[in-house]
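See below for the structure under consideration.
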Amino acid sequence: HPMAAVVTTAEIAASFANGMEFFATFGGNPVSCAIGLAVLDVIEDEGLQEHALQLGRRFLDGLRELHERYRLV
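Quick note, my numbering runs 38 ahead of the 1-based positions in the sequence shown.
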């Protein structure tokens with residue numbers, strides 16, 4: 039089930055106030071929305087954002103260490 043979001047400024051969003059509000063063929067599908075909410079629950083409950091942040095820091099630290107040893111990195 040596809041899931042997407044549109045994030046924009048109020049000014050750009052106002053340009054769609056002309057009656058043409060088509061973004062997706064399956065927009066608002068309740069099954070897709072339920073799946074999206076379940077995914078957000080897993081991300082929060084399992085701390086996936088924090089884990090990604092920790093791994094990102096570890097990765098950057100490793101790259102910095104390699105750069106110290108090999109200037110081409």
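Heads up, the beta-carbon is just placed ideally off N, CA and C, and yes, glycines get one too.
query                                                                                    : result
V69 in three-state terms, based on DSSP                                                  : helix
Residue interval of the alpha helix (DSSP H) (run including R102)                        : L86 to R107
Three or more C-beta pairs below 8 Å linking the region 69 to 76 and the region 39 to 50 : yes
L91 versus P68 - alpha carbon distance                                                   : 31 Å
Whole-Å CB distance - V111 paired with L98, under 8 Å assumed                            : With a Cβ gap of about 12 Å, V111 and L98 do not count as contacting.
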